[in-house]
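In the numbering used here, the protein residues as written are 22 to 164.
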């Protein structure tokens, strides 16, 4: 006698719709929130005297990375080579990105493009961009 208003399980249908939307936008849930899928993954922050950029690019030769600052925009570009497991080996899962990449970060107006330092160590590219001295806060003594 009892007839359901919904032909299927509503929660299962909502779960399916969420998975389809995530696949459509290439967004994957992770323990730290929603990942955007860019390579290399980047952290950007700053101190009073510099802007700090960390690009996580393991397995890349630092000589092949191209880092540029132009008109207040930082560009990190390069290419990750495809590594084949062997001629007769079959690949079951292939999640590692291979190919050309480019990430662009807009920088604040107070950076000094001549005060840039880039270091690559253990798969992490650290770019430190100094701020202009005249824009930094300074303590004024009251007389």
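Here a beta-carbon is modelled for each residue, glycine too, at the ideal position from N, C-alpha and C.
Separation of residue 70 and residue 103 (C-alpha to C-alpha, rounded to the nearest whole angstrom) is 39 Å. Within 10 angstroms of the beta-carbon of residue 152 lie 16 or more other beta-carbons, which makes it buried.
Within the same chain, 126, 128 come within 6 Å of residue 95 by CB-CB distance, once the 5 residues on both sides are set aside. DSSP places residue 122 in the uninterrupted beta strand (DSSP E) bounded by 120-127. At the C-beta level, residue 63 and residue 72 stay beyond 9 Å of one another. By the neighbour-count criterion, in which 16 or more other beta carbons inside 10 Å mark a residue as buried, residue 101 falls on the buried side. Closest in C-alpha terms to residue 88, from the list 97, 81, 82, 119, comes 97.
Between the segment 105-116 and the segment 33-44, the count of Cβ pairs shorter than 8 Å is below three; the stretches do not touch. The C-alpha of residue 76 is placed about 36 Å away from the C-alpha of residue 35. The Cβ atoms of residue 78 and residue 146 lie closer than 9 Å to each other. Going by beta carbons, residue 150 and residue 132 fall inside the 9 Å limit.
In the structure shown, the three-state DSSP call for residue 133 is strand.
Only residues of its own chain outside the window of five on either side were considered, and among them 73 have a CB closer than 7 Å to the CB of residue 66, listed in chain order.
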